[in-house]
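If you use the working numbering, the sequence shown corresponds to residues 71 to 150, in order.
Ideal placement from N, C-alpha and C gives every residue a C-beta, glycine not left out.
All values derive from a computational prediction rather than experimental measurement.
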Amino acid sequence: VIDSEPRKVFYIMDGQHRCATMMELAKKSSHPIYFQFRVKVVEDENQANRDLEHFQRSYPVDPRSFFQTQEMTRLATQVL
């Protein structure tokens with residue numbers, strides 16, 4: 071969340087797929103589902119970018135996160 075922005079938009083640095091999955095679970099459940107998130111409020115967009123770069127350097131992407139072909143990507147997307 072960028073503090074200087076009046077809209078207070080949440081920017082997701084990691085876990086986009088988990089958020090999408092949680093949204094689907096919440097839609098399909100007849101019971102309340104509670105999720106926990108960690109949020110960092112930064113002063114401005116420059117600080118948000120610095121934090122994102124730091125995060126990417128600190129937690130390199132696992133190569134297993136990527137599919138070898140477009141077909142594999144398409145099939146995995148359908149599962150979500």
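For V149, the three-state DSSP class (helix, strand or coil): helix
Would A146 be called buried (16 or more neighbouring beta carbons within 10 Å of its own) or exposed? exposed
Using a Cβ-Cβ cutoff of less than 6 Å, which residues in the same chain neighbour V111 once the five nearest sequence positions on both sides are dropped? V71 and D73
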